[in-house]
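Visitor:
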Ligand code: CP
Ligand code: NVA
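Structural data, given as structure tokens:
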């Protein structure tokens, strides 16, 4: 049966760890300049209903490294943008491509697409989740800290798609996570409830200091995500104080690493100084999108 990559909660820890192991191998081969054509002759369709820099480039470059080809489709230039039903688009694309990556608004769209396409479907970000990014983040943690277990993770900021995927990750992998959001900007209630049922070790607070104290991994994201641009001003007020800055870094573990999925609004959710500072692993994190997604594609489409 085909497997999709729509949410981390659909996967077991063992299978995700296999993806990390393959990532390590593919990254090493890439750095040594060795060919690794695991998807020779295969095609990935990429549907974008939102903007992207990293996701688009890393999937496209990744398919090329694997000996395959990637097609960029923006909703504005396809029949999807004119209202063609998902089930028709999905079934046709499945006849041409070996896999599809979608970035869109509703998680339901990727779920529906996956149900109707008999090829693997990868979630390249929805309003609810960003699973490829959190896989890249965890791989970066492994590189810098040796493993991802026994570390305390801290999320400061919006309870958005990234926060929801971190909650799923905490439930699947079992690490400790502390999430600080302003009141009214908590993560998705159903995602939190499911993680709790699975016994996830997560603290929810409205106090960034409580979340950051002693943490090994500090993570944040923009205050207004794609689609929320009209709320920017109101969010700037609500999120004041929910910033990763030198004071927050100072109360975290002295060996902490700082992450941000990018794009960042420097001096809003994170200071310019911290992005450029010694704790930041942000550009390794961005690079690892490439390596992790190659492993995800090779696992699903190989
Ligand atoms: N982090 C991330 O997904 O970046 P893009 O929006 O540039 O793809
Ligand atoms: N939360 C952000 C992530 C961007 C990669 C957004 O959805 O815009």
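In the numbering used here, the protein residues as written are 500 to 801.
We put the CB at the ideal spot given by N, CA and C, even for glycine.
1) Helix, strand or coil for residue 715? Go by DSSP, reduced to three states.
2) Please state the DSSP three-state secondary structure of residue 677.
3) If you measure between the beta carbons of residue 703 and residue 685, is that distance less than 9 Å?
4) What does the Cβ neighbour count give for residue 500, buried or exposed, with the cut at 16 atoms within 10 Å?
5) What residue range does the alpha helix (DSSP H) around residue 725 cover?
6) Does at least one heavy atom of the ligand NVA sit under 8 Å from the Cβ of residue 632?
7) Do the CB positions of residue 537 and residue 801 come within less than 9 Å of each other?
8) Below 9 Å between beta carbons: does that hold for residue 602 and residue 548?
9) Let me confirm a value: residue 582 is counted as buried when at least 16 other C-beta atoms fall within 10 Å, else exposed. Which label applies?
10) Using only the heavy atoms of the ligand CP, determine whether one of them is closer than 8 Å to the beta carbon of residue 565.
11) Taking the alpha carbon of residue 718 as the reference point, which residue from 730, 780, 507, 792 has its own alpha carbon closest?
12) With DSSP as the reference, identify every bridge partner of residue 652, one or two as the case may be.
13) When you compare the CB positions of residue 752 and residue 639, do they come within less than 9 Å of one another, or not?
14) Is residue 547 helix, strand or coil by DSSP?
15) If you measure from the CB of residue 810, is any heavy atom of the ligand CP nearer than 8 Å?
16) Within 8 Å: the Cβ of residue 624 and any heavy atom of the ligand CP?
17) Between the segment 703 to 715 and the segment 646 to 660, do at least 3 Cβ pairs fall closer than 8 Å?
18) Measuring CB to CB, does residue 793 end up less than 9 Å from residue 629?
19) Quick check: residue 678 and residue 747, are their CB atoms within less than 9 Å of each other?
20) Among 608, 736, 667, which has the Cα closest to the Cα of residue 688?
21) On the three-pair Cβ rule with 8 Å, is the segment 528 to 545 touching the segment 586 to 600?
22) Which same chain residues, not among the five before or five after residue 610, have their C-beta less than 8 Å away from its C-beta?
23) Going by the beta-carbon positions, is the gap between residue 588 and residue 606 smaller than 9 Å?
24) Please go through the same chain and pick out, in chain order, the residues whose beta-carbon is closer than 7 Å to the beta-carbon of residue 550, but skip the five residues on each side of it.
25) How would you write the range of the alpha helix (DSSP H) that residue 787 sits in, first residue to last?
26) Output the distance between the C-alpha atoms of residue 585 and residue 612, rounded to the nearest integer angstrom.
27) Check whether the Cβ of residue 640 lies closer than 8 Å to any heavy atom of the ligand NVA, and answer yes or no.
28) Between residue 637 and residue 660, which are expected to be in contact by the criterion C-beta below 8 Å, what is the C-beta distance as a whole number of angstroms?
Guide: According to the structure data:
1) Here residue 715 sits in coil by DSSP.
2) Residue 677 carries a strand assignment under DSSP once its states are collapsed to helix, strand and coil.
3) Cβ atoms of residue 703 and residue 685: closer than 9 Å.
4) When all chains shown are included, residue 500 counts as exposed.
5) Where residue 725 is concerned, there is no enclosing alpha helix (DSSP H), because DSSP gives it neither an H nor an E.
6) For residue 632, the shortest separation between its Cβ and any heavy atom of the ligand NVA lies below 8 Å.
7) For residue 537 and residue 801, yes; Cβs fall inside 9 Å.
8) Using a Cβ distance threshold of 9 Å, residue 602 and residue 548 count as a contacting pair.
9) The residue is exposed, with fewer than 16 neighbouring Cβ atoms inside 10 Å.
10) Not a single heavy atom of the ligand CP lies less than 8 Å from the C-beta of residue 565.
11) Among 730, 780, 507, 792, the Cα nearest to that of residue 718 is on 780.
12) Answer by DSSP bridge pairing, in chain order: 676, 716.
13) Going by C-beta atoms, residue 752 is not nearer than 9 Å to residue 639.
14) Residue 547 falls in the strand class under three-state DSSP.
15) This structure leaves residue 810 out entirely; the chain is present only between 500 and 801.
16) A distance criterion of 8 Å places the beta-carbon of residue 624 in contact range of the ligand CP, judged by its closest non-hydrogen atom.
17) Below 8 Å, enough C-beta pairs join the segment 703 to 715 and the segment 646 to 660 to call them touching: three or more.
18) No; because the gap between Cβ atoms is not below 9 Å, this pair is not in contact.
19) Cβ atoms of residue 678 and residue 747: not closer than 9 Å.
20) Among 608, 736, 667, the Cα nearest to that of residue 688 is on 667.
21) As far as the Cβ criterion goes, the segment 528 to 545 touches the segment 586 to 600, which means the pair count is three or higher.
22) Excluding residues within five positions, the ones whose Cβ falls inside 8 Å are 505.
23) The Cβ-Cβ distance between residue 588 and residue 606 does not fall below 9 Å.
24) Excluding sequence neighbours, residue 550 sits near 725.
25) According to the DSSP assignment, residue 787 belongs to the alpha helix (DSSP H) that extends over 781 to 800.
26) Straight-line Cα distance between these residues: approximately 6 Å.
27) Checking the Cβ of residue 640 against the ligand NVA gives no.
28) Rounded to the nearest angstrom, the Cβ distance from residue 637 to residue 660 is 16 Å, too far for a contact under 8 Å.
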